[in-house]
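This report concerns only the one structure given below.
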Amino acid sequence: MSKTEPDSERFFDKTTLHASSNGREHRPWNLVDMHCHLDRMANGAEVASELESMGIAAFCTTVTPADALAAREQFAPRHNIRVGAGLHPWWVDEDPLMVEQAATLAAGDTFIGEIGLDFSPSHIGTRAAQLAAFERILDACGESPLAGRVVSIHAVRAASEALDVLERHNFPRLATCIFHWFSGTSEDFMRLRKLGCHISVNERMLATKRGREYARQMPLGRLHLETDAPAQPGSPYSAEELESSLNRTLNALARIRGIEQGELAAYMAQTSAAILGK
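Residue numbers for the sequence shown follow the working numbering, so the first one is 1 and each next one is one higher.
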């Protein structure tokens with residue numbers, strides 16, 4: 001998929017928030033969380049419903065194929081939720097069948113995530129399995145191309161290797177590739193930008209000097225909000241907590257970019273919602 005970069009300093013008229021990328025009328029979203037785990041909240045269905053009433057859309061990324069199937073069913077009634085077919089790198093060695101299950105799901109789905117690589121000390125032991133799983137899922141997607149495909153990518157101490165895999169599969173031209181909570185080197189960041197990838201940022205990322213600098217340099221049309229909530233899987237959460245986290249991130253971004261917060265909010269909601277087809 002060839003993507004044209006929007007002018008990062010030109011903002012859409014707020015009325016365009018009422019139109020999706022396919023031209024159908026829908027509710028305008030005030031905020032979009034581009035990486036969260038609603039299915040790992042004890043009360044995820046309740047939170048999703050409350051978010052819809054608050055005008056907040058979300059990309060619910062999953063960590064196993066079974067979780068993806070369950071989340072699809074759980075959030076099917078919600079117009080504001082997209083569910084990703086995922087296999088998180090922490091789970092790749094739990095069951096040898098999961099890689100093929102994830103590849104099969106991903107091949108038939110527009111929304112993919114959370115997938116990727118994690119070479120931090122706790123997970124470096126499964127490096128080979130992680131690489132094989134990441135490659136297999138991208139292979140499956142490449143064999144079954146779909147318009148508007150979106151993938152949310154985990155890359156911890158593995159950004160260079162993740163970019164190698166994406167480039168080898170020519171994947172940034174086949175899908176919108178969003179690195180969530182990007183923490184790679186400045187060289188990795190420049191390469192990510194050159195490949196046309198996106199990043200999603202949260203308040204913890206913006207608490208670091210490097211994270212703020214990446215947020216400042218990223219073309220605005222490829223910059224998204226996220227929460228990565230919940231911090232404690234299986235615990236209760238609230239729509240108000242999620243909204244507050246997004247707004248704190250938005251406030252920090254407005255200062256970093258020197259843009260009025262309301263104008264920035266409208267622009268980012270429009271660009272993220274368009275990617276999700278919302």
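From the three backbone atoms N, C-alpha and C, an ideal C-beta is built for every residue, glycine too.
In DSSP terms, what residue i is bridged to
{"i": "Ala58", "result": "Asp33 and Ile81"}
{"i": "His198", "result": "Ile178"}
{"i": "Gly116", "result": "His154"}
{"i": "Phe111", "result": "Val150"}
{"i": "His224", "result": "Ser200"}
Neighbourhood of residue i by C-beta, 6 Å cutoff - its chain only, sequence neighbours within 5 removed
{"i": "Pro236", "result": "Ala42 and Asn43"}
{"i": "Arg136", "result": "Val99 and Ala103"}
{"i": "Ala48", "result": "Leu38, Phe75, Arg78 and Ile81"}
{"i": "Arg222", "result": "His198"}
{"i": "Arg157", "result": "Phe119 and Ser120"}
{"i": "Ala265", "result": "Leu250"}
{"i": "Arg72", "result": "Val83"}
From the options, residue whose alpha carbon lies closest to that of residue i
{"i": "Leu105", "options": "Ser245, Leu51, Phe182 and Ala68", "result": "Ala68"}
{"i": "Asp93", "options": "Cys197, Asp118 and Gln232", "result": "Asp118"}
{"i": "Ile199", "options": "His154, Ile178 and Val83", "result": "Ile178"}
{"i": "Pro89", "options": "Ala76, His79, Ala107 and Thr62", "result": "Thr62"}
{"i": "Thr275", "options": "Ala70, Leu264, Ala229 and Ala175", "result": "As written in the sequence, residue 275 is Ile, which differs from the Thr given in the question. If we check each option's Cα against that of Ile275, Ala175 comes out closest."}
{"i": "Gly234", "options": "Arg40, Ser49, Glu114 and Asp188", "result": "Arg40"}
{"i": "Glu114", "options": "Leu223, Ala231 and Met34", "result": "Met34"}
{"i": "Gly148", "options": "Glu73, Leu220, Ala269 and Phe111", "result": "Phe111"}
{"i": "Ser186", "options": "Leu166, Arg168, Glu167 and Arg216", "result": "Arg216"}
{"i": "Ala45", "options": "Val32, Ile81 and Thr64", "result": "Ile81"}
{"i": "Ala87", "options": "Glu50, Ala231 and Leu131", "result": "Reading off the sequence, residue 87 comes out as Leu, not Ala. For the residues Glu50, Ala231 and Leu131, the minimum Cα distance to Leu87 belongs to Leu131."}
{"i": "Leu166", "options": "Ala229, Leu138 and Pro65", "result": "Leu138"}
{"i": "Gly142", "options": "Ala155, Gly116, Asn170 and Ala128", "result": "Asn170"}
{"i": "Thr64", "options": "Ala48, Ala128 and Ala133", "result": "Ala133"}
{"i": "His154", "options": "Arg136, Gly116 and Ala129", "result": "Gly116"}
{"i": "Glu50", "options": "Ala128, Ser238 and Phe59", "result": "Ser238"}
{"i": "Leu161", "options": "Leu223, Ala128, Leu146 and Val150", "result": "Strictly speaking, residue 161 in this sequence is Glu, with Leu absent from that position. For Glu161, the nearest C-alpha among the options comes from Ala128."}
{"i": "Gly277", "options": "Glu73, Leu31, Ala71 and Val150", "result": "Val150"}
{"i": "Cys60", "options": "Asn247, Ala266, Leu146 and Ser152", "result": "Ser152"}
Below-8 Å beta-carbon distance, residue i vs any chain C residue
{"i": "Gly125", "result": "The structure shown contains no chain C; it is built from a single protein chain."}
Same chain only: Cβ atoms within 7 Å of residue i, ignoring 5 sequence neighbours per side
{"i": "Gln249", "result": "For the sequence presented, residue 249 should be read as Thr rather than Gln. Hits under 7 Å: Val201, Asn202, Glu203, Leu206 and Leu225."}
{"i": "His123", "result": "Pro89 and Trp90"}
{"i": "Ala107", "result": "Ala140, Cys141, Glu143 and Ser144"}
{"i": "Asp109", "result": "Ala85"}
{"i": "Leu146", "result": "Thr110"}
{"i": "Ala70", "result": "Asp39"}
Buried or exposed by the 16-neighbour rule on C-beta atoms within 10 Å, applied to residue i
{"i": "Met190", "result": "exposed"}
{"i": "Glu243", "result": "buried"}
{"i": "His37", "result": "buried"}
{"i": "His79", "result": "exposed"}
{"i": "Arg168", "result": "exposed"}
{"i": "Lys194", "result": "exposed"}
{"i": "Gly84", "result": "buried"}
{"i": "Thr208", "result": "exposed"}
{"i": "Ser353", "result": "Since the first and last residues shown for the chain are 1 and 278, residue 353 lies out of range."}
{"i": "Gln232", "result": "exposed"}
{"i": "Asp188", "result": "buried"}
{"i": "Asp95", "result": "exposed"}
{"i": "Pro121", "result": "exposed"}
Nonlocal neighbours in the same chain, by C-beta distance under 8 Å from residue i, ignoring five residues either side
{"i": "Leu192", "result": "Ala159, Leu163, Phe179, Phe182, Gly184 and Ile199"}
{"i": "Gln280", "result": "Since the displayed the chain opens at 1 and closes at 278, residue 280 lies outside it and no answer follows."}
{"i": "Thr126", "result": "Pro89, Val92 and Asp93"}
{"i": "Glu241", "result": "Ala229"}
{"i": "Ser245", "result": "Asn202, Glu203, Thr227 and Ala229"}
{"i": "Val32", "result": "Ile56, Ala57, Ala58, Phe59, His224, Leu225, Met268, Ala269, Ser272, Ala273, Leu276 and Lys278"}
Residue i CB to nearest heavy atom of the ligand GTP below 7 Å
{"i": "Ala103", "result": "No copy of the ligand GTP occurs in the structure displayed, which carries no ligand at all."}
(message) Is it the case that the region 250–262 contacts the region 209–217, given that we only count it when at least three CB pairs across the two stretches are under 8 Å?
(response) Judged by Cβ distances under 8 Å, the region 209–217 makes contact with the region 250–262, as three or more pairs qualify.
(message) Quick test of the definition: if touching needs 3 or more C-beta pairs under 8 Å, does the region 42–60 touch the region 95–110?
(response) no
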